[in-house]
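Below is one structure, written out as structure tokens; comments come after it.
Residue numbers (my numbering): -9 to 69.
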């Protein structure tokens, strides 16, 4: 799985756990809804850590908690 796909899957996973829509996550994080949509649909060419950080702030989790998922294991991520 490519890294951008893993990030998208993790965001969707966290949204589902919290019953959040993209709009609700936008309101919590301040990340534009269009940016969230682009990330979730894997059309984001280069992921900036700052955006992930802002999403984490909105979800009230740390970057460590975000990346603490089997989605980000070495075996799962491809080039």
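C-beta atoms are modelled at their ideal positions from N, C-alpha and C, and glycine is treated no differently.
In whole angstroms, give me the CA-to-CA distance for residue 19 and residue 38.
The sequence position of residue 19 within the chain shown is 29, counting from 1. The sequence position of residue 38 within the chain shown is 48, counting from 1. Approximately 15 Å between the Cα atoms of the pair.
Beta bridge counterpart(s) of residue 28 as assigned by DSSP:
For the purposes of this step, residue 28 is identified with residue 38 of the chain shown, where counting begins at 1. Its beta-bridge partners do not exist; DSSP assigns none.
If you count every other CB in all the chains shown that lies within 10 Å of the CB of residue 4, and 16 or more means buried, which is it?
For the purposes of this step, residue 4 is identified with residue 14 of the chain shown, where counting begins at 1. Classification for residue 4: buried.
Would you please state the rounded distance, in angstroms, between the beta carbons of residue 30 and residue 2? I believe it to be under 8 Å.
Translated into positions along the chain shown, residue 30 becomes position 40. Translated into positions along the chain shown, residue 2 becomes position 12. Between residue 2 and residue 30 the Cβ distance is about 6 Å, and since that is below 8 Å, they are a contact.
What separation, rounded to the nearest whole angstrom, lies between the Cα atoms of residue 13 and residue 65?
Working through the chain shown from its first residue, we reach residue 13 at position 23. Working through the chain shown from its first residue, we reach residue 65 at position 75. So the two alpha carbons sit approximately 33 Å from each other.
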